[in-house]
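Visitor:
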Amino acid sequence: FSRYLREYVKPQLRELLTNYGPVAYIWFDMGTPTPELAVELKQLVRELQPDTIISGRIGVGTVIRWLKGHTIGDFMEVGDNEIPEQRIEGDWETPATINDTFGYKSYDHNWKSAGNLVQKLVTIVSRGGNYLLNVGPTAEGIIPEPCVRSLKEVGEWLKMNGESIYGATASPIDIPPAAPYQCTAKPRKFYVHIFAWPWNGKFKVSRVNSDVKRVHLLADPNHSELEFRREGEDVVISVPDKAPDPIDTVVVLEINK
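Taking UniProt numbering, the leading residue of the sequence shown gets 1, the next gets one more, and so forth.
As structure tokens, then:
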């Protein structure tokens, strides 16, 4: 393996990092027999492109090793298509597929819907992570049409709701395990992503310890106020009878401080 690494992998890595301009991110998907060999690759990347981000799968990047500070990459990589059940401190990423495989397979038609992709994206961001979504093109470089349709729908959702995703941080409130919502945040704003609309016109957000001053729908251009009341630590919001967005309606809680 050492010979393979030094005579094949490192020359190819050098070619990639010197012949094609700035490289923002290099994604290693490998363990190595020793941390020292992984460090050699990291040092080569730093030598040739100091600003390139290095994935957590250079060497062994498990959650435990990451939390103990023993990983070699720049962040922690969780398992393929895996979403942690709770927030993880530090930088982490979920590498995921849009069907069941990373590469193109003509018989794999199990495409994820736009709703599925959006809700996964929101859940990952709400727990502090990055969603690395793989698209497997054909041998001719064509993105399969079902994949294109789903991604365009996700793009339409982001046009209306991107404020709640781009530059947002993990949820500042504890989300109950079976809750039909997730939460992302920016300074003085909590974005509550509602996946299942209430039948009775009342939606409860649990464990909100901050002082809420105003509530409105993110996609409402007028930002018309929604009525709300406190029930202890919870906030109960009066919402329209029908979900404005069947995939994920975002309600903004404006916070005093």
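Glycine residues also receive a C-beta, built at the ideal position from the N, C-alpha and C atoms.
1) Taking C-alpha atoms, which residue in Tyr166, Gly103, Gly162, Leu158 lies nearest to Ile143?
2) For the structure I just gave you, are there three or more beta carbon pairs, one from the stretch 230-243 and one from the stretch 199-209, closer than 8 Å?
3) Once you ignore the five residues that flank Lys257 on each side, which residues in its own chain have a CB closer than 8 Å to its CB?
4) What does Glu163 pair with, by DSSP beta-bridge criteria?
5) Which same chain residues end up closer than 7 Å to Arg214 when comparing Cβ atoms and leaving out the 5 residues on each side of it in sequence?
6) Between Arg87, Tyr107, Tyr25, Leu48, which lies nearest to Ile58 when the distance is taken from Cα to Cα?
7) Just verifying my parser: in three-state terms, what is the DSSP assignment at Glu85?
8) Within this structure, are the beta carbons of Lys186 and Gly167 separated by less than 8 Å?
9) For Ala243 and Trp197, what's the separation of their Cα atoms in angstroms?
10) Do the stretch 215-223 and the stretch 124-134 touch if we need at least three Cβ pairs shorter than 8 Å?
11) Classify Lys159 as buried or exposed, calling it buried when 16 or more other Cβ atoms lie within 10 Å of its own Cβ.
Guide: By the coordinates alone:
1) For the residues Tyr166, Gly103, Gly162, Leu158, the minimum Cα distance to Ile143 belongs to Gly103.
2) Taking 8 Å as the limit for Cβ pairs, the verdict is that the stretch 199-209 does touch the stretch 230-243.
3) If the five residues before and after Lys257 are omitted, its C-beta is found closer than 8 Å to the C-beta atoms of Arg188, Ser210, Asp211, all from its own chain and listed in chain order.
4) None; Glu163 has no bridge partner.
5) Spatial neighbours of Arg214 in its own chain (CB-CB distance under 7 Å, excluding positions within 5 residues in sequence) are listed in chain order as Glu225, Glu254.
6) Distance from the Cα of Ile58 is smallest, within the candidate group Arg87, Tyr107, Tyr25, Leu48, for Tyr25.
7) Residue state, collapsed to three classes: coil.
8) Going by C-beta atoms, Lys186 is nearer than 8 Å to Gly167.
9) Taking the straight line from one Cα to the other gives about 6 Å.
10) With the cut-off at 8 Å, the stretch 215-223 and the stretch 124-134 do not touch.
11) That one is exposed.
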